[in-house]
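Student: Here it is, the structure, as structure tokens.
Residue numbers (our numbering): 22 to 99.
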């Protein structure tokens, strides 16, 4: 990504813009490839944010029998 993306929402908005530009068919091949690569980075960023959020919300713990159970999440400092 050329610009630092701070939030999931801003990355998602930028990704939506890139998709619209690519679907328009009004940009050349080189620009399309650059936008595609930028989109891949944004997708990676969004997935990492979602995974961190999911891990904060649910924490799996094993009970005495080895079964997984959902426990309370602990606040993590990012």
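We put the CB at the ideal spot given by N, CA and C, even for glycine.
Counting C-beta neighbours from all protein chains within 10 Å, is the total for residue 36 16 or more, i.e. buried, or is it exposed?
Tutor: Position 15 of the chain shown, counted from the first residue, corresponds to residue 36. It counts as buried.
Student: In the DSSP assignment, find the alpha helix (DSSP H) that holds residue 53 and state where it starts and stops.
Tutor: Taking the first residue of the chain shown as position 1, residue 53 is located at position 32. It spans 50-78 - the alpha helix (DSSP H) in which residue 53 sits, taken as one unbroken run.
Student: Leaving out five residues on either side along the sequence, give the residues of the same chain with a beta carbon under 7 Å from the beta carbon of residue 33.
Tutor: For the purposes of this step, residue 33 is identified with residue 12 of the chain shown, where counting begins at 1. So the qualifying residues of the chain are 67.
Student: With burial defined as no fewer than 16 other Cβ atoms inside 10 Å of the residue's Cβ, what is the status of residue 41: buried or exposed?
Tutor: The residue you call residue 41 lines up with position 20 of the chain shown. Residue 41 sits exposed, since fewer than 16 C-beta atoms from the chains shown fall within 10 Å of its C-beta.
Student: What would DSSP say about residue 22, mapped onto helix, strand or coil?
Tutor: Taking the chain shown and counting its residues from 1, one reaches residue 22 at position 1. Bear in mind that a pLDDT of 44 at residue 22, under 50, signals an unreliable position, so the model cannot answer this.
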